[in-house]
Each structure stands twice: as C-alpha cells, then as structure tokens.
Amino acid sequence: MPSFSDGGPADKPRLRVPPQPPRLLDRVRIAIRSRRYSPLTEKAYVFWVRRFVLFHGKRHPSEMGEREIQQFLSHLAIRKKVSASTQNQALSALLFLYRDVLGEEIEWIDGLVRAKRPIRLPVVLSHDEVTAILRQMHGKYWLMASLLYGSGLRLMECVRLRVKDLDLKRGEITVRSGKGMKDRVTMLPRGVRGPLIAHLERARVLHRDDLRRGRGHVAMPDALARKYPRAAGEWGWQWAFPATRTYRDRADGTVRRHHVHQSVLQRAVREAVLAAGIPKPASCHTLRHSFATHLLEAGHDIRTIQELLGHRDVKTTMLYTHVLNRGGRGVPSPLDRMGWRASTPAKPSRQDWPD
C-alpha cells in the first residue's frame, strides 16, 4: 500500500537516466587515443571530420557516403586549392571515421582516388648558409637550431626532448616516440655539449625553484604518471627546453611547465633566415634536410643516414641523392669540359639587352 505524508503522494522511485552516448567528435577522439595515434593526428582528423559535417549542412556521416566524400574533396581541390597532401590527409580522416568510428563496411573505398602528390626536391642549405643562420640566433634557440641541423631532429622531436634523453658522455640523443612511434638514437654534436651543459644547469635551477613553489611536475607519457607517481617531479623527466611560463592542467589542476612551443622555434628560425639574407624558403625542417645531404656529400652510408633520420623506407632517404644533382656518380656538365673561354662570350652584344 502506498504511504502518504501530509496529504502528499508517496515518494516516487527515482528513475535512472541512462548515460548519453558520446558525440561524434568525442567518438573520433576516443578511437584515435585507443590506437595511440599522435596528438597532431588527433587534431587533424577531428578538424577534417568537423569540416566535412559542416560542408554538408550538419548531416550525420552515417547518412552520407562516397558521393558526399567526393564532393567534399573536389571542393577542397577546386575551390580551396589545397595541396595534394592536404587533400589526402582529409581523405584519410574520413576513411578513419567510417571504418574505425562508425564501423561501416566501405565497399566503395576502391572508387576513392587519392590525389597524386608532386615529387619535389627538398630545400637544402649550404654549409655557409647554415653558419649564417646560426650566427643570427642566440641562447636556447641557437642551441635548438644547432640540434636540428647537427642531429637531424624533426621539429617536435627537438622541443619534446627530456633531460634523460641526452647522453653527454656517449654523445648521443635518444629520440622517444618519433614519427611512427619509433625510438631511435642519433648523434649529439661535440660543438654543442658545452653550451648544452650550461643551458641544462640553468634549467635545473628553474626546476628547483618550481619545486620549492609546489610545482615542477611535468606531463608524463601514457600511464607512467600512475605507475611512477614521483617521476613527474624528477630532474631526468623534465623538458630539456622548458617554456618561460607555467600552465594549469585542466585534468587535475596541477601547475606544470610545458616545453618551448614549436611555433616559437619556427619563428626564431624564420627571423634568422631573413636576417641572414638567405632567399631560400628555409625552415626548421630545412636544417634536417641539410643534415642528411651534407652527410651524403661526406660519403657516409645511406643505410646509416636512414637510421639517424628514422626513415622507415630507404627510398625516402634516397631522395637526398637527387638533391646532390649527381646521381651518386659525380658526372660533370659537358659545358664545363669546353673550358671557361669557350663558354663565355668575349663581348656582350647589344641584342642581349632589352630595350
């Protein structure tokens, strides 16, 4: 029998509200993180899925298919004039959405044609140009740019270096979770060891000051923070190139210090290139290209260079043999065989100059 109190009805049993299923973009993030893709891949895939949905008037992807994907990719190529690599990245994001998030059998995948990427030779600097750029840089940015060139590091590999990854005695750098989630070992140039030691001493003083203020704990990879709860505050796990400012972690409210942001180093290199008066479109990655090319010029083995760069396929490393413009044979131009006098006119003609 139901009971009544003060003339009111009996207390109704509480209804258990089922949890709401995650939204589409959250499902994409969960699928990416469960497969341990990089944060940059997650950011790119979420971006393209959002643009795809907005392009088709916020229709759910389960209601669309090959026709809508082709329309979106054609829009990127024709209207937005994106590069072939950007178009292929968008296609990869959408294929991941249908295959791994929505779990749909994509029998029409064979009908999707990836844009053909043009084969372009990388920009390479000469030894003098690298020297001119480094002379325009100072402090930790000079040190980081020197490692990009002297160790063949990628941009993110450089900014994410931790103190424990630098072996000053052996002259080695261990790159953790590089491209393709692979570890590798590369050289630590002798010329930067002294400045690097001085830099690390200053970073250690900063770390000790952070610890006194109740900070000094960095973000840890994967589940190491739970497995080794004290490791986040240890010196070896600190960023080799810490940022000047701290931030508050949204997950647990801990005040941490991040590494130097990649855009800061990119801007420092770009400003140095302009100050050095170099007309080439050089960037941080150009220093890595120059590292590989100069090793080839010095006669080092292509397989060794492949390991130092962390290339999965030696064909990627072989691209630098074309940069040398010799094909590995050192063939001279037939014009050079004629001699300087034979190839140079004695007196410029009037018709050689525009009116």
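Counting in this note's numbering, the sequence shown runs without a single skipped number right up to 1002 at its last residue. Cβ atoms here follow ideal geometry from the backbone N, Cα and C, with glycine treated the same way.
- For Ala922, the CB contacts under 6 Å within the same chain, skipping 5 residues up- and downstream, are Gln783 in chain order.
- The three-state reading of DSSP puts Glu804 in helix, counting H, G and I together.
- The Cβ atoms of Phe719 and Phe702 sit closer than 8 Å to each other.
- Separation of Val748 and Gly861 (C-alpha to C-alpha, rounded to the nearest whole angstrom) is 41 Å.
- Boundaries around Met834 are those of the beta strand (DSSP E), Arg831 to Met834, since no alpha helix (DSSP H) includes it.
- The beta carbon of Lys811 sits closer than 6 Å to those of Gly883, all from its chain and outside the five residues before and after it, given in chain order.
- Annotated as proximal: Ser937 and Val771, with beta-carbon spacing under 8 Å.
- The three-state secondary structure of Tyr894, taken from DSSP, is strand.
- The straight-line gap separating the alpha-carbon atoms of Leu813 and Glu819 is approximately 6 Å.
- Membership of Thr821 in the beta strand (DSSP E) is indicated by the continuous run Glu819 to Val822.
- Taking 8 Å as the upper bound for CB-CB distance, Thr951 and His958 are not in contact here, some 11 Å apart.
- In summary, Ser793 is buried, with 16 or more beta-carbon neighbours lying within 10 Å of its beta-carbon over all protein chains present.
- Separation of Gly825 and Asp869 (C-alpha to C-alpha, rounded to the nearest whole angstrom) is 15 Å.
- Inter-segment contact for the region 906-922 and the region 788-808 is present: three or more beta-carbon pairs are separated by less than 8 Å.
- Relative to the Cα of Leu955, the nearest Cα in the group Gly786, Val822, Arg706 and Arg682 belongs to Val822.
- Nearest to Phe694 by C-alpha distance, out of Ala779, Thr733, Ile780 and Ile725, is Thr733.
- DSSP places Val852 in no beta strand (DSSP E) but in the uninterrupted alpha helix (DSSP H) bounded by Arg840 to Arg859.
- Cβ atoms of Tyr967 and Thr933 stay farther apart than 8 Å, at about 13 Å.
- Under a 10 Å Cβ-count criterion, Gly863 is classified as buried, with 16 or more other Cβ atoms of the shown protein chains found around its own Cβ.
- Under the criterion of beta carbons closer than 8 Å, Pro926 and Arg904 do not qualify as touching, at roughly 38 Å.
- Judged by their CB atoms, Met803 and Gln909 are nearer to each other than the 8 Å cut-off.
- Considering only Glu881, Val865, Lys874 and Gly880, the residue with the shortest C-alpha distance to Asp896 is Val865.
- Here Arg807 is near His906, since their CB atoms are less than 8 Å apart.
- For the options Thr891, Asp775 and Ser798, the alpha carbon positioned closest to that of Gly924 is the one of Asp775.
- For Val911, the enclosing alpha helix (DSSP H) starts and ends at Gln909 to Ala922.
- With a cutoff of 8 Å on beta-carbon distance, Met867 and Ala850 are scored as not near each other.
- If only uninterrupted alpha helix (DSSP H) runs of at least 4 residues are considered, those enclosed by the region 675-704 are 686-702.
- Remark: C-beta atoms of Ala678 and Gln736 do not approach each other more closely than 8 Å.
- A straight-line Cα-Cα distance of about 18 Å links Ser798 and Trp886.
- About 36 Å separates the CB atoms of Ala740 and Val777; that is not less than 8 Å, and the two are not in contact.
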